[in-house]
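Q: In my numbering, the protein residues as written are 583 to 761.
Ideal Cβ placement from N, Cα and C applies to all residues, glycine included.
1) What are the complete beta strand (DSSP E) segments, minimum 3 residues, inside the region 639 to 708?
2) Quick check on the DSSP output: the beta strand (DSSP E) that includes residue 612 runs from which residue to which?
3) Short check: CB of residue 728 to CB of residue 682, under 7 Å?
4) Three-state secondary structure (DSSP) at residue 620?
5) Quick check: what's the CA-CA separation for residue 691 versus residue 655?
6) When burial is assigned at 16 or more other CB atoms within 10 Å of the CB, is residue 693 buried or exposed?
7) To the nearest angstrom, report how far apart residue 623 and residue 608 are at their CA atoms.
The following block contains the structure:
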């Protein structure tokens, strides 16, 4: 994909995918054993589920700061939506998320104007495509399903376990400027 950015890479992959489901795994994520098998079982049991995701587990060689647990969700670590049990949420984190290919393609083919990802004028960290996908699917009457027993690993280096990076992640959840 010649365009920089996660959303463009995702779009290219989604349009090329041949399977019934897509899974987004960032370069700093790892899936636990049987993750994909369990995810498919959830999709089969929940035909209205458009997104399925699990709990993020921190992997780091750094000393984990005392404040981290209170904001771990910013790194897609811990339970989603402060939820300890399986069930629907408004959206699922992008890390390790599974989506139904046909519904993703329908949205991409509609040329929906995504606002939560892409470049900014000052090269600010931008994210939030997971929130946007969740809201789109909710508007279409689909489910975003969380399963805490579905575990992915998030490898975070010491350089990103800082208050400054926590603030950057917080600010990344704002719409990108118009292109």
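A: This is what the structure gives:
1) 669 to 671 and 680 to 682
2) 611 to 613
3) no
4) helix
5) 31 Å
6) exposed
7) 22 Å
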